[in-house]
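Plus 4 on top of the position in the sequence shown (first one is 1) and you've got my numbering.
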Amino acid sequence: MSYETNLQLFIDGVWKSGEGRDAHDVLNPVTASPIAAVPYASRADLDEALAASARAWPEWRSTDVEKRGAILHKAAALMRERIDVIAATMTQEQGKILAEAKAEVLGSAQLFDWYAEEIKRDYGRTLVRPAGQLSRVIRQPVGPTATFTPWNFPIYLLAKKVSAALAAGCTVISRPPHETPGVATELFRALADAGIPKGVAQLVHGDADLISTTLIAAKEIRKVSFTGSTVVGKHLMKLCADSMTRVTLELGGHAPVLIFDDCDLEKTLDMVVPQKFRNAGQVCVSPTRFYVQSGIYDAFLKGFAERTAKVKVGDGLDADTRMGPLANARRPGAVEALVEDATAKGARLLAGGQRGDGGFFFQPTLLADVPNEANIMNEEPFGPVAVTRPFDSFDDVIEQANRLPYGLAAFAFTENGRRANLIGDLVESGMVGINTFAISVADAPFGGVKDSGFGSEGGKEGLESYQVVKAVHFA
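Spelled out as C-alpha coordinates, the structure:
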(Lines of atoms letter the chains of each structure in order from A and count residues from 1; the text may use other names and numbers.)
(Lines give C-alpha, C1' and ligand atoms only; values in the text may rest on other atoms or scores of the structure.)
Protein backbone atom coordinates (compact mmCIF):
# COMPACT_ATOMS: atom_id res chain seq x y z
CA MET A 1 0.00 0.00 0.00
CA SER A 2 1.44 3.37 -1.00
CA TYR A 3 1.77 6.41 1.24
CA GLU A 4 -0.82 8.87 -0.08
CA THR A 5 -0.67 11.94 2.17
CA ASN A 6 0.86 15.13 0.79
CA LEU A 7 2.76 16.62 3.73
CA GLN A 8 2.37 20.40 4.00
CA LEU A 9 2.08 23.26 6.45
CA PHE A 10 -1.30 24.97 6.81
CA ILE A 11 -0.86 28.66 7.65
CA ASP A 12 -3.46 31.42 7.35
CA GLY A 13 -5.68 29.27 5.16
CA VAL A 14 -2.92 28.38 2.69
CA TRP A 15 -1.23 25.00 2.19
CA LYS A 16 2.53 25.46 2.00
CA SER A 17 4.88 22.89 0.49
CA GLY A 18 8.46 22.06 1.43
CA GLU A 19 9.97 24.26 -1.27
CA GLY A 20 12.63 26.48 0.32
CA ARG A 21 12.22 24.81 3.72
CA ASP A 22 14.19 22.19 5.61
CA ALA A 23 12.67 18.74 5.28
CA HIS A 24 13.07 15.63 7.43
CA ASP A 25 12.39 11.98 6.66
CA VAL A 26 9.32 10.17 7.93
CA LEU A 27 10.11 6.50 8.60
CA ASN A 28 7.95 3.41 8.35
CA PRO A 29 8.65 1.58 11.65
CA VAL A 30 8.14 -1.81 10.00
CA THR A 31 11.19 -1.34 7.75
CA ALA A 32 12.91 1.70 9.32
CA SER A 33 12.95 3.15 5.80
CA PRO A 34 11.87 6.64 4.68
CA ILE A 35 8.38 6.92 3.17
CA ALA A 36 8.03 10.72 2.93
CA ALA A 37 9.67 14.03 3.81
CA VAL A 38 7.96 16.53 6.11
CA PRO A 39 8.63 20.28 5.63
CA TYR A 40 9.74 22.13 8.74
CA ALA A 41 8.34 25.54 9.59
CA SER A 42 10.77 28.45 9.80
CA ARG A 43 10.69 31.29 12.32
CA ALA A 44 9.06 33.41 9.62
CA ASP A 45 6.34 30.76 9.20
CA LEU A 46 5.67 30.82 12.93
CA ASP A 47 5.46 34.61 13.00
CA GLU A 48 2.98 34.47 10.13
CA ALA A 49 0.90 31.86 11.94
CA LEU A 50 0.86 33.91 15.16
CA ALA A 51 -0.27 37.05 13.35
CA ALA A 52 -2.98 35.14 11.50
CA SER A 53 -4.23 33.50 14.69
CA ALA A 54 -4.52 36.87 16.44
CA ARG A 55 -6.34 38.41 13.46
CA ALA A 56 -8.81 35.56 13.16
CA TRP A 57 -9.74 35.27 16.83
CA PRO A 58 -12.15 38.22 17.25
CA GLU A 59 -14.35 37.05 14.39
CA TRP A 60 -14.19 33.37 15.32
CA ARG A 61 -15.11 33.98 18.97
CA SER A 62 -18.09 36.03 17.75
CA THR A 63 -19.22 33.37 15.29
CA ASP A 64 -22.55 31.82 16.22
CA VAL A 65 -22.20 28.45 17.92
CA GLU A 66 -24.48 26.87 15.33
CA LYS A 67 -22.08 27.91 12.57
CA ARG A 68 -19.01 26.79 14.53
CA GLY A 69 -20.73 23.51 15.27
CA ALA A 70 -21.66 22.97 11.63
CA ILE A 71 -18.00 23.26 10.60
CA LEU A 72 -16.95 20.78 13.28
CA HIS A 73 -19.69 18.34 12.22
CA LYS A 74 -18.58 18.65 8.59
CA ALA A 75 -14.95 17.98 9.52
CA ALA A 76 -16.07 14.89 11.44
CA ALA A 77 -18.02 13.64 8.44
CA LEU A 78 -15.02 14.15 6.14
CA MET A 79 -12.77 12.22 8.54
CA ARG A 80 -15.19 9.30 8.41
CA GLU A 81 -15.37 9.46 4.61
CA ARG A 82 -11.56 9.43 4.40
CA ILE A 83 -11.01 6.81 7.07
CA ASP A 84 -9.22 4.34 4.79
CA VAL A 85 -6.56 6.85 3.73
CA ILE A 86 -6.13 8.34 7.21
CA ALA A 87 -5.87 4.94 8.91
CA ALA A 88 -3.40 3.58 6.34
CA THR A 89 -1.28 6.71 6.75
CA MET A 90 -1.30 6.24 10.52
CA THR A 91 -0.26 2.59 10.30
CA GLN A 92 2.57 3.38 7.90
CA GLU A 93 3.85 6.26 10.04
CA GLN A 94 3.29 4.91 13.55
CA GLY A 95 3.02 1.13 13.25
CA LYS A 96 -0.28 0.34 14.99
CA ILE A 97 -2.52 -2.23 13.35
CA LEU A 98 -5.06 -1.00 10.83
CA ALA A 99 -8.08 -1.90 12.97
CA GLU A 100 -6.74 0.23 15.83
CA ALA A 101 -5.98 3.07 13.43
CA LYS A 102 -9.53 3.03 12.07
CA ALA A 103 -10.97 3.01 15.58
CA GLU A 104 -8.81 6.03 16.40
CA VAL A 105 -10.13 7.95 13.39
CA LEU A 106 -13.72 7.20 14.40
CA GLY A 107 -13.04 8.28 17.97
CA SER A 108 -11.52 11.52 16.69
CA ALA A 109 -14.56 12.27 14.56
CA GLN A 110 -16.77 11.63 17.57
CA LEU A 111 -14.89 14.28 19.54
CA PHE A 112 -15.65 16.90 16.88
CA ASP A 113 -19.31 15.92 16.87
CA TRP A 114 -19.56 15.96 20.65
CA TYR A 115 -17.97 19.38 21.12
CA ALA A 116 -20.02 20.79 18.25
CA GLU A 117 -23.08 20.10 20.42
CA GLU A 118 -21.61 20.62 23.90
CA ILE A 119 -20.81 24.28 23.19
CA LYS A 120 -24.55 24.84 22.67
CA ARG A 121 -25.11 23.72 26.27
CA ASP A 122 -22.57 26.16 27.74
CA TYR A 123 -25.20 28.13 29.64
CA GLY A 124 -23.33 29.89 32.45
CA ARG A 125 -25.42 30.74 35.50
CA THR A 126 -27.40 33.54 37.13
CA LEU A 127 -26.82 34.35 40.78
CA VAL A 128 -29.57 35.11 43.31
CA ARG A 129 -29.88 38.91 43.80
CA PRO A 130 -32.52 41.38 45.11
CA ALA A 131 -35.16 42.66 42.69
CA GLY A 132 -33.70 45.05 40.16
CA GLN A 133 -30.19 43.58 40.34
CA LEU A 134 -28.60 40.95 38.14
CA SER A 135 -25.36 38.97 38.40
CA ARG A 136 -24.29 36.54 35.69
CA VAL A 137 -21.35 34.16 35.45
CA ILE A 138 -20.28 33.46 31.87
CA ARG A 139 -17.48 31.60 30.14
CA GLN A 140 -15.60 33.07 27.21
CA PRO A 141 -12.83 31.68 24.96
CA VAL A 142 -9.37 32.15 26.42
CA GLY A 143 -7.88 33.11 23.05
CA PRO A 144 -5.29 31.85 20.58
CA THR A 145 -4.01 28.43 21.65
CA ALA A 146 -0.91 26.34 20.94
CA THR A 147 -1.14 22.54 21.06
CA PHE A 148 1.64 19.96 21.20
CA THR A 149 0.82 16.29 20.75
CA PRO A 150 2.68 12.94 20.73
CA TRP A 151 2.94 10.14 18.20
CA ASN A 152 1.22 7.30 20.05
CA PHE A 153 -2.35 8.45 19.25
CA PRO A 154 -1.49 10.99 16.60
CA ILE A 155 -4.97 11.97 15.47
CA TYR A 156 -7.09 11.29 18.57
CA LEU A 157 -4.99 13.35 20.96
CA LEU A 158 -4.80 16.16 18.43
CA ALA A 159 -8.56 16.01 17.86
CA LYS A 160 -9.21 16.09 21.59
CA LYS A 161 -7.43 19.45 21.85
CA VAL A 162 -8.43 21.06 18.57
CA SER A 163 -12.14 20.14 18.71
CA ALA A 164 -12.63 21.60 22.18
CA ALA A 165 -10.59 24.72 21.46
CA LEU A 166 -12.43 25.48 18.22
CA ALA A 167 -15.81 24.82 19.79
CA ALA A 168 -14.98 27.22 22.62
CA GLY A 169 -14.16 29.96 20.11
CA CYS A 170 -10.36 29.83 20.28
CA THR A 171 -8.00 29.88 17.34
CA VAL A 172 -5.41 27.09 17.27
CA ILE A 173 -1.84 26.54 16.12
CA SER A 174 -0.86 22.87 16.34
CA ARG A 175 2.56 21.25 16.24
CA PRO A 176 2.32 17.45 15.74
CA PRO A 177 5.25 15.05 16.23
CA HIS A 178 7.67 14.55 13.37
CA GLU A 179 7.04 10.78 13.39
CA THR A 180 3.36 11.16 12.39
CA PRO A 181 2.84 14.33 10.34
CA GLY A 182 0.52 12.72 7.80
CA VAL A 183 -2.45 12.04 10.04
CA ALA A 184 -2.25 15.57 11.47
CA THR A 185 -2.20 16.93 7.93
CA GLU A 186 -5.30 14.90 7.09
CA LEU A 187 -7.15 16.25 10.14
CA PHE A 188 -6.41 19.83 9.15
CA ARG A 189 -7.31 19.08 5.54
CA ALA A 190 -10.72 17.95 6.79
CA LEU A 191 -11.09 21.22 8.71
CA ALA A 192 -10.02 23.25 5.67
CA ASP A 193 -12.47 21.41 3.41
CA ALA A 194 -15.20 21.88 6.02
CA GLY A 195 -14.83 25.64 5.68
CA ILE A 196 -12.75 26.69 8.67
CA PRO A 197 -11.97 30.43 8.22
CA LYS A 198 -8.43 31.61 7.47
CA GLY A 199 -6.16 31.70 10.49
CA VAL A 200 -8.55 29.84 12.82
CA ALA A 201 -6.81 26.44 12.64
CA GLN A 202 -3.17 26.19 11.57
CA LEU A 203 -0.65 23.35 11.35
CA VAL A 204 3.10 23.80 11.72
CA HIS A 205 5.49 20.85 11.45
CA GLY A 206 9.03 21.30 12.66
CA ASP A 207 11.65 21.53 15.35
CA ALA A 208 10.08 21.05 18.78
CA ASP A 209 12.34 23.49 20.58
CA LEU A 210 11.96 26.28 18.03
CA ILE A 211 8.19 25.95 17.84
CA SER A 212 7.54 25.56 21.57
CA THR A 213 9.78 28.44 22.66
CA THR A 214 8.47 30.73 19.92
CA LEU A 215 4.78 30.04 20.45
CA ILE A 216 4.79 29.96 24.24
CA ALA A 217 6.73 33.23 24.52
CA ALA A 218 4.49 34.98 21.99
CA LYS A 219 2.11 37.58 23.38
CA GLU A 220 -0.60 36.28 21.02
CA ILE A 221 -0.81 32.84 22.69
CA ARG A 222 -3.13 32.70 25.71
CA LYS A 223 -3.23 28.93 26.30
CA VAL A 224 -0.96 25.90 25.81
CA SER A 225 -2.05 22.28 25.82
CA PHE A 226 0.59 19.54 25.86
CA THR A 227 0.46 15.75 25.91
CA GLY A 228 3.75 13.93 26.36
CA SER A 229 6.44 13.01 28.85
CA THR A 230 6.65 14.40 32.37
CA VAL A 231 10.16 15.75 31.74
CA VAL A 232 9.11 17.77 28.71
CA GLY A 233 5.89 18.83 30.41
CA LYS A 234 7.78 20.33 33.33
CA HIS A 235 10.06 22.18 30.90
CA LEU A 236 7.08 23.66 29.04
CA MET A 237 5.45 24.59 32.33
CA LYS A 238 8.50 26.71 33.18
CA LEU A 239 8.28 28.43 29.81
CA CYS A 240 4.58 29.12 30.42
CA ALA A 241 5.39 30.63 33.81
CA ASP A 242 7.61 33.25 32.19
CA SER A 243 4.76 34.42 29.96
CA MET A 244 1.93 33.73 32.46
CA THR A 245 0.34 31.44 29.87
CA ARG A 246 -2.33 28.98 30.96
CA VAL A 247 -1.37 25.36 30.43
CA THR A 248 -2.97 21.92 30.45
CA LEU A 249 -0.57 19.00 30.86
CA GLU A 250 -1.40 15.34 30.20
CA LEU A 251 1.84 13.58 31.09
CA GLY A 252 3.24 10.14 31.73
CA GLY A 253 1.66 7.31 33.67
CA HIS A 254 2.51 3.88 35.04
CA ALA A 255 -0.90 2.32 35.51
CA PRO A 256 -1.37 -0.23 38.29
CA VAL A 257 -3.81 -3.09 37.70
CA LEU A 258 -5.23 -4.72 40.84
CA ILE A 259 -6.38 -8.30 40.21
CA PHE A 260 -8.40 -9.75 43.11
CA ASP A 261 -9.12 -13.43 43.63
CA ASP A 262 -12.89 -13.01 43.25
CA CYS A 263 -12.62 -11.86 39.63
CA ASP A 264 -13.64 -14.03 36.68
CA LEU A 265 -10.04 -14.94 35.88
CA GLU A 266 -10.47 -16.19 32.31
CA LYS A 267 -12.62 -13.21 31.36
CA THR A 268 -10.15 -10.86 33.00
CA LEU A 269 -7.21 -12.38 31.13
CA ASP A 270 -9.09 -12.09 27.86
CA MET A 271 -9.42 -8.37 28.57
CA VAL A 272 -6.04 -7.45 30.02
CA VAL A 273 -3.72 -9.20 27.55
CA PRO A 274 -5.03 -7.52 24.36
CA GLN A 275 -5.21 -4.22 26.24
CA LYS A 276 -1.60 -4.50 27.40
CA PHE A 277 -0.32 -5.05 23.86
CA ARG A 278 -2.63 -2.55 22.16
CA ASN A 279 -0.52 -0.10 20.18
CA ALA A 280 2.52 -2.16 21.29
CA GLY A 281 2.04 -0.85 24.83
CA GLN A 282 2.66 2.74 23.72
CA VAL A 283 -0.33 4.09 25.62
CA CYS A 284 -0.15 6.57 28.48
CA VAL A 285 -2.89 4.64 30.31
CA SER A 286 -1.59 1.20 29.34
CA PRO A 287 -2.05 -1.42 32.10
CA THR A 288 1.50 -2.09 33.23
CA ARG A 289 2.02 -2.94 36.92
CA PHE A 290 -0.10 -6.03 37.54
CA TYR A 291 -0.63 -6.71 41.25
CA VAL A 292 -2.30 -10.12 41.53
CA GLN A 293 -3.74 -11.62 44.73
CA SER A 294 -1.57 -14.51 45.83
CA GLY A 295 -4.20 -17.23 45.58
CA ILE A 296 -4.57 -16.78 41.81
CA TYR A 297 -1.09 -15.47 40.99
CA ASP A 298 0.27 -18.64 39.39
CA ALA A 299 -2.89 -19.23 37.36
CA PHE A 300 -2.82 -15.61 36.21
CA LEU A 301 0.80 -15.91 35.05
CA LYS A 302 0.08 -19.15 33.21
CA GLY A 303 -2.92 -17.72 31.39
CA PHE A 304 -1.16 -14.43 30.61
CA ALA A 305 1.92 -16.20 29.20
CA GLU A 306 -0.19 -18.51 27.02
CA ARG A 307 -2.12 -15.61 25.55
CA THR A 308 1.01 -13.52 25.08
CA ALA A 309 2.66 -16.26 23.04
CA LYS A 310 -0.28 -16.15 20.62
CA VAL A 311 -0.05 -12.42 19.86
CA LYS A 312 0.97 -12.21 16.20
CA VAL A 313 3.49 -9.45 15.59
CA GLY A 314 4.01 -7.94 12.15
CA ASP A 315 3.10 -5.20 9.69
CA GLY A 316 -0.02 -3.41 10.90
CA LEU A 317 -1.38 -3.41 7.35
CA ASP A 318 -1.65 -7.23 7.42
CA ALA A 319 -5.12 -8.35 8.49
CA ASP A 320 -3.91 -11.10 10.85
CA THR A 321 -1.39 -8.92 12.73
CA ARG A 322 -2.33 -8.19 16.34
CA MET A 323 0.64 -5.99 17.32
CA GLY A 324 2.83 -3.79 15.15
CA PRO A 325 6.30 -2.36 15.76
CA LEU A 326 7.28 0.39 18.15
CA ALA A 327 7.04 3.86 16.67
CA ASN A 328 10.68 4.93 16.38
CA ALA A 329 14.27 3.82 16.66
CA ARG A 330 14.59 4.94 20.28
CA ARG A 331 11.94 2.64 21.72
CA PRO A 332 13.30 -0.92 21.18
CA GLY A 333 16.59 -0.13 22.91
CA ALA A 334 14.85 1.62 25.80
CA VAL A 335 12.46 -1.29 26.36
CA GLU A 336 15.25 -3.84 26.04
CA ALA A 337 17.31 -2.04 28.69
CA LEU A 338 14.37 -2.09 31.13
CA VAL A 339 13.80 -5.83 30.61
CA GLU A 340 17.49 -6.63 31.07
CA ASP A 341 17.64 -4.54 34.25
CA ALA A 342 14.57 -6.31 35.67
CA THR A 343 15.88 -9.82 35.00
CA ALA A 344 19.29 -8.87 36.44
CA LYS A 345 17.51 -7.85 39.64
CA GLY A 346 15.57 -11.09 40.00
CA ALA A 347 12.52 -10.86 37.72
CA ARG A 348 11.49 -13.99 35.83
CA LEU A 349 11.03 -13.71 32.06
CA LEU A 350 7.96 -15.75 31.08
CA ALA A 351 7.44 -14.54 27.53
CA GLY A 352 9.18 -12.41 24.90
CA GLY A 353 11.98 -10.13 26.01
CA GLN A 354 13.73 -9.78 22.67
CA ARG A 355 13.83 -7.36 19.77
CA GLY A 356 12.26 -8.46 16.52
CA ASP A 357 13.97 -8.93 13.18
CA GLY A 358 14.32 -5.60 11.39
CA GLY A 359 12.37 -2.40 11.86
CA PHE A 360 11.48 -1.27 15.36
CA PHE A 361 9.89 -4.48 16.63
CA PHE A 362 9.95 -5.83 20.18
CA GLN A 363 8.30 -9.05 21.31
CA PRO A 364 5.27 -9.00 23.64
CA THR A 365 6.85 -9.57 27.04
CA LEU A 366 5.76 -10.84 30.45
CA LEU A 367 7.89 -10.44 33.59
CA ALA A 368 7.02 -12.07 36.91
CA ASP A 369 8.12 -11.37 40.49
CA VAL A 370 9.53 -7.98 39.51
CA PRO A 371 11.14 -6.25 42.51
CA ASN A 372 10.38 -2.62 43.27
CA GLU A 373 14.08 -1.89 42.81
CA ALA A 374 13.84 -2.68 39.09
CA ASN A 375 13.79 0.40 36.89
CA ILE A 376 10.70 -0.82 35.07
CA MET A 377 8.72 -0.67 38.33
CA ASN A 378 9.52 3.02 38.61
CA GLU A 379 9.79 4.26 35.01
CA GLU A 380 7.03 4.13 32.42
CA PRO A 381 8.13 1.43 29.93
CA PHE A 382 5.94 2.69 27.07
CA GLY A 383 6.30 -0.62 25.33
CA PRO A 384 4.87 -4.16 25.16
CA VAL A 385 5.94 -5.28 28.64
CA ALA A 386 3.71 -6.43 31.51
CA VAL A 387 5.25 -6.61 34.98
CA THR A 388 3.68 -8.62 37.78
CA ARG A 389 3.90 -9.07 41.54
CA PRO A 390 1.71 -10.94 44.03
CA PHE A 391 -0.04 -9.29 46.98
CA ASP A 392 -1.85 -10.53 50.06
CA SER A 393 -3.78 -7.69 51.70
CA PHE A 394 -5.97 -4.88 50.43
CA ASP A 395 -4.01 -2.23 52.32
CA ASP A 396 -0.73 -3.49 50.85
CA VAL A 397 -1.92 -3.35 47.25
CA ILE A 398 -3.34 0.16 47.68
CA GLU A 399 0.03 1.26 49.05
CA GLN A 400 1.81 -0.29 46.07
CA ALA A 401 -0.61 1.26 43.60
CA ASN A 402 0.02 4.72 45.07
CA ARG A 403 3.76 4.53 45.68
CA LEU A 404 4.89 6.19 42.44
CA PRO A 405 4.74 9.92 41.63
CA TYR A 406 2.42 9.15 38.70
CA GLY A 407 -1.35 9.19 38.83
CA LEU A 408 -2.92 9.09 35.39
CA ALA A 409 -4.92 5.85 35.26
CA ALA A 410 -5.48 2.79 37.42
CA PHE A 411 -7.53 -0.37 36.97
CA ALA A 412 -8.99 -3.07 39.18
CA PHE A 413 -10.82 -6.33 38.62
CA THR A 414 -13.11 -7.55 41.40
CA GLU A 415 -16.71 -8.63 41.90
CA ASN A 416 -16.89 -7.13 45.42
CA GLY A 417 -18.92 -3.90 45.27
CA ARG A 418 -17.68 -2.46 48.55
CA ARG A 419 -14.08 -3.13 47.57
CA ALA A 420 -14.67 -1.50 44.19
CA ASN A 421 -16.02 1.65 45.89
CA LEU A 422 -13.00 1.81 48.18
CA ILE A 423 -10.61 1.44 45.25
CA GLY A 424 -12.31 4.33 43.47
CA ASP A 425 -11.79 6.50 46.55
CA LEU A 426 -8.32 5.41 47.67
CA VAL A 427 -6.29 5.04 44.48
CA GLU A 428 -4.46 8.27 43.64
CA SER A 429 -5.28 8.59 39.97
CA GLY A 430 -7.13 10.93 37.67
CA MET A 431 -9.07 8.01 36.20
CA VAL A 432 -9.99 4.60 37.58
CA GLY A 433 -11.46 1.74 35.57
CA ILE A 434 -13.09 -1.07 37.52
CA ASN A 435 -13.67 -4.20 35.43
CA THR A 436 -13.17 -2.03 32.34
CA PHE A 437 -10.52 -0.23 30.31
CA ALA A 438 -13.01 2.14 28.65
CA ILE A 439 -11.87 5.37 30.32
CA SER A 440 -11.17 7.60 27.31
CA VAL A 441 -14.52 8.74 25.92
CA ALA A 442 -15.74 12.03 24.48
CA ASP A 443 -18.06 13.00 27.33
CA ALA A 444 -15.72 12.23 30.25
CA PRO A 445 -12.68 14.16 31.55
CA PHE A 446 -9.27 12.66 30.84
CA GLY A 447 -6.33 13.77 32.97
CA GLY A 448 -4.01 12.91 35.82
CA VAL A 449 -2.70 13.97 39.20
CA LYS A 450 0.77 14.26 40.74
CA ASP A 451 3.51 14.03 38.09
CA SER A 452 0.97 12.90 35.51
CA GLY A 453 -0.07 16.50 35.00
CA PHE A 454 -3.09 18.66 35.70
CA GLY A 455 -6.17 19.85 33.90
CA SER A 456 -8.52 17.69 31.87
CA GLU A 457 -9.35 17.04 28.26
CA GLY A 458 -12.57 15.48 27.11
CA GLY A 459 -15.99 16.12 28.57
CA LYS A 460 -17.27 19.49 29.74
CA GLU A 461 -14.01 19.93 31.63
CA GLY A 462 -12.11 19.81 28.34
CA LEU A 463 -14.22 22.66 26.96
CA GLU A 464 -13.76 24.71 30.12
CA SER A 465 -9.98 24.40 29.84
CA TYR A 466 -10.18 26.70 26.80
CA GLN A 467 -12.38 29.25 28.55
CA VAL A 468 -12.06 32.04 31.09
CA VAL A 469 -14.68 32.84 33.70
CA LYS A 470 -16.23 36.29 33.90
CA ALA A 471 -18.72 37.66 36.45
CA VAL A 472 -20.96 40.48 35.18
CA HIS A 473 -22.95 42.49 37.75
CA PHE A 474 -25.86 44.88 37.08
CA ALA A 475 -27.54 47.21 39.55
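Quick reminder that beta carbons are idealized off the backbone N, C-alpha and C, glycines included.
Check                                                                                                         : Outcome
Presumed contact (8 Å Cβ cut-off) between Leu138 and Phe478, rounded CB distance                              : 4 Å
Completely contained beta strand (DSSP E) runs for the stretch 23 to 51, where each covers 3 or more residues : 27 to 32 and 37 to 43
Supposed close pair Ser233, Leu255 - CB separation, criterion 8 Å                                             : 7 Å
Environment of Asp274 [buried if 16+ CB atoms lie within 10 Å]                                                : exposed
Supposed close pair Thr189, Val166 - CB separation, criterion 8 Å                                             : So it is not a contact: roughly 13 Å between Cβ atoms.
Beta-carbon spacing of His209, Ala53 below 9 Å                                                                : no
Cβ separation of Ala201 and Trp64, assumed to be a contact under 8 Å, to the nearest whole Å                  : Here residue 201 is Pro; the residue named in the question, Ala, does not match the sequence. Going by Cβ atoms, the distance from Pro201 to Trp64 rounds to 6 Å, so yes, they are a contact pair.
Rounded distance between the beta-carbons of Met327 and Pro388, thought under 8 Å                             : 6 Å
Opening and closing residue of the beta strand (DSSP E) in which Thr231 lies                                  : Lys227 to Thr231
Exposure label - Ser460; buried when at least 16 CB within 10 Å                                               : buried
DSSP-derived helix/strand/coil call for Pro291                                                                : strand
Minimum C-alpha distance to Ala284 - residue among Phe366, Val236, Ile427 and Gly350                          : Phe366
Inter-residue CB distance, Pro260 and Gln404 (contact presumed, cutoff 8 Å)                                   : 7 Å
Whole-angstrom C-beta distance between Arg423 and Phe192, which should lie under 8 Å                          : Actually they are not in contact, since the Cβ atoms of Phe192 and Arg423 sit about 46 Å apart, beyond 8 Å.
The stretch 81 to 100 contacting the stretch 314 to 324, beta-carbon criterion three pairs below 8 Å          : yes
DSSP state of His477 mapped onto helix, strand, coil                                                          : strand
Beta-carbon separation (whole angstroms), Asp400 vs Ser298, contact threshold 8 Å                             : Rounded, the Cβ-Cβ distance is 11 Å, inconsistent with contact.
Pair within 9 Å by beta-carbon distance, Gly411 and Gly362                                                    : no
Contact set for Ala372: own chain, Cβ-Cβ below 6 Å, skip 5 residues either direction                          : Leu305, Arg352, Leu354 and Thr392
Which listed residue (Lys280, Tyr470 and Gly186) has its alpha carbon closest to that of Arg293               : Lys280
Start-to-end residues for the beta strand (DSSP E) that takes in Ala135                                       : First-last for Ala135: undefined, no H or E at that position.
Cβ shell of Gly428 (< 8 Å), same chain only, five flanking positions each side left out                       : Val436 and Ile438
Delimiting residues of the alpha helix (DSSP H) encompassing Gln491                                           : Residue numbering for the chain in the displayed model covers 5 to 479; residue 491 lies beyond these limits and cannot be assessed.
Local Cβ density within 10 Å of Ala125, reported as buried at 16 or more and exposed below that               : A small fix is needed here, since residue 125 is Arg in this sequence, not Ala. When all chains shown are included, Arg125 counts as exposed.
Proximity to Phe386 [Cα-Cα], best of Leu243, Ile159 and Pro329                                                : Pro329
Beta-carbon proximity check, Met94 vs Pro158, cutoff 9 Å                                                      : yes
Distance, Gly307 Cα to Leu426 Cα                                                                              : 28 Å
For Leu342 and Ala442, the rounded distance between their alpha carbons                                       : 28 Å
Of the listed residues Thr312, Ala346 and Ala414, nearest to Thr369 (C-alpha basis)                           : Thr312
N-terminal and C-terminal residue of the alpha helix (DSSP H) that Ala309 is part of                          : Tyr301 to Ala313
Candidates Gln144, Ile123 and Ala413: closest to Val473 by CA position                                        : Gln144
First through last residue of the alpha helix (DSSP H) which encompasses Thr392                               : Segment Val389 to Phe395 is the beta strand (DSSP E) holding Thr392; no alpha helix (DSSP H) there.
Cβ-based burial, Asn10 [other Cβ within 10 Å; buried from 16]                                                 : exposed
Proximity below 9 Å, CB of Ala79 to CB of Asp197                                                              : yes
Supposed close pair Val204, Thr175 - CB separation, criterion 8 Å                                             : 5 Å
Classification of Arg179 by the beta-carbon crowding that lies within 10 angstroms, buried from 16 upward     : buried
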